[in-house]
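Report on the following structure.
Protein chains in written order, with my numbering: chain A, 1 to 94; chain B, 1 to 396.
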């Protein structure tokens with residue numbers, strides 16, 4: 001990974017690193033990637049099925065009943081800024 | 001720093017704490033992050049409801065590292081607990097001091113097991129899906145498990161039986177008929193020690209492993225060292241899955257509906273970026289970026305897809321071992337104390353999860369006792385806790 005890819009990742013993830021953090025992260029990432037590349041041939045997984053869940057997972061269904069567990073006031077209790085029941089954000093459309 | 005937030009009213013005699021990854025209605029839950037500082041949940045975690053129904057009293061919440069992905073809690077927004085130059089874990093300290101009987105924790109990246117090993121406590125990370133994760137803060141959904149830490153194996157068994165069971169509210173909760181398999185205990189007669197997992201441990205950890213092996217042999221249990229090169233690969237692939245899932249799970253923290261919002265910003269993008277940059281610590285930021293890159297078009301097949309396939313290879317490797325042995329013995333950490341040098345290394349948790357990743361990536365149960373870790377077949381937690389009770393008794 002180079003600094004250009006890192007810059008793109010920062011943008012994608014809405015994050016910024018300091019110059020020192022960038023250097024530390026790049027060393028960490030490149031070492032992790034080299035290690036994974038070196039391990040790539042250790043086990044041939046071409047015919048191995050992916051395992052997303054370690055245990056059999058079934059689709060959970062429930063009765064289609066309308067519920068209102070929380071009020072708007074409750075939901076906005078931890079909000080950084082609200083106004084008359086709306087969440088406030090900066091202007092999005094110029 | 002604070003070890004825990006005390007809840008003032010509890011009438012129960014059997015007291016416990018929950019770590020700060022478990023949602024509580026009347027105590028803030030901040031997951032060790034500035035992002036959730038002061039956040040109060042609207043609902044209680046299922047495990048806490050079950051414990052309250054059975055008469056156990058929640059005494060308070062213990063602090064964790066940011067989203068519990070670090071060594072022992074050192075990345076908490078509240079600061080690290082350092083005693084005599086040694087890093088300590090809040091949950092383990094509260095139990096060791098005798099303030100509560102047990103703790104309910106979320107084992108995300110092994111910090112619970114490292115803490116139990118370093119403080120001479122017992123912990124059980126049960127089989128994935130046996131304890132509801134409803135009301136826990138999600139970080140690595142496919143591997144994290146609600147766990148129990150206590151002074152004794154009997155207390156772990158008691159607390160685990162109170163919280164285990166199917167929960168409709170958790171899509172990964174196993175059917176009750178599967179969970180009931182944990183009630184069947186099987187005597188442990190054969191233990192395998194994986195030589196590849198002994199890499200990097202210091203003299204004191206080796207000594208503990210030898211002591212435990214001696215106790216096992218004294219009790220007529222066969223202990224055999226076996227060569228295995230696959231299990232030791234767990235950590236490399238766990239890092240891929242952990243970072244990818246963590247990246248997705250924390251993407252919702254943007255400073256809009258709840259959580260921290262930066263004071264200064266020009267426009268919505270800056271609101272997101274400044275809030276996340278100011279609130280998240282460097283280890284979490286690194287994990288997000290690592291996860292994001294492993295999921296990118298350039299790396300998805302080579303890295304992420306490979307890790308998912310390797311998870312199956314590792315699960316199958318354990319199954320082969322369990323065809324001949326009852327449990328696997330391995331260290332839980334490389335050393336029994338992390339000092340200043342360890343704390344300076346941002347990525348030390350990525351090194352130490354070499355010992356905890358095998359149980360995390362496979363969802364297999366793991367018991368820590370006497371400073372060492374046993375990993376067993378699915379649903380063998382009670383059998384392993386009975387073995388832990390023997391080690392506890394003999395180790396005194």
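Every residue gets a Cβ at the ideal spot worked out from N, C-alpha and C, and that includes glycine.
The beta carbon of residue 72/A does not come within 8 Å of any beta carbon belonging to chain B, so the residue lies off that interface.
Secondary structure of residue 22/A (DSSP, three-state): helix. Taking CB atoms only, residue 356/B has no neighbour in chain A less than 8 Å away.
In the DSSP assignment, residue 78/A falls outside any beta strand (DSSP E) and carries neither an H nor an E. Three or more beta-carbon pairs separated by less than 8 Å are not found between the region 241-255 of chain B and the region 316-333 of chain B, which leaves the two stretches without contact. The continuous alpha helix (DSSP H) containing residue 95/B extends over residues 90-96.
Using a CB distance cut-off of 8 Å, residue 347/B counts as an interface residue toward chain A. Taking a beta-carbon distance threshold of 8 Å, residue 29/B does not count as an interface residue toward chain A. DSSP, reduced to helix, strand and coil, places residue 253/B outside both helices and strands of the structure shown, so it counts as coil. Your pair residue 374/B and residue 313/B does not check out as a contact, with CB atoms roughly 22 Å apart and the cut at 8 Å. Residue 97/B and residue 158/B have their C-alpha atoms roughly 20 Å apart. Interface with chain A (8 Å Cβ-Cβ cutoff): residue 77/B is excluded. Burial is judged here by how many other beta carbons sit within 10 angstroms of a residue's own beta carbon; residue 70/A has fewer than 16 and is exposed. Counting other Cβ atoms within 10 Å of its Cβ, residue 229/B stays below 16 and is therefore classed as exposed. Below the 7 Å Cβ cutoff, chain A contributes 15 and 17 as neighbours of residue 285/B, in chain order.
In this chain, the alpha helix (DSSP H) harbouring residue 287/B covers 282-294. Residue contact check for residue 66/A against chain B: no CB pair falls below 8 Å. Only those residues of the region 137-149 of chain B whose C-beta falls short of 8 Å from the nearest C-beta of chain A are listed: 142 and 143. Sequence-ordered contacts of the region 299-313 of chain B with chain A read 299, 302, 303, 305, 306, 307, 308, 309, 310, 311, 312 and 313 [C-beta pairs closer than 9 Å]. With a threshold of 16 other beta carbon atoms within 10 Å, residue 73/B meets it and is buried.
As DSSP reads the structure, residue 149/B sits in a beta bridge with 103/B and 123/B. Neighbours of residue 168/B in chain A, taken as residues at a C-beta separation under 9 Å, are given in chain order as 60 and 62. Among the CB atoms of chain B, one or more fall inside 8 Å of the CB of residue 35/A.
Chain order gives the chain A residues near residue 258/B as 75, 76, 77, 78, 79 and 80, where near means a beta carbon separation below 9 Å. Looking at the backbone, the Cα of residue 68/A and that of residue 232/B are separated by about 48 Å. Among the CB atoms of chain B, none fall inside 8 Å of the CB of residue 93/A.
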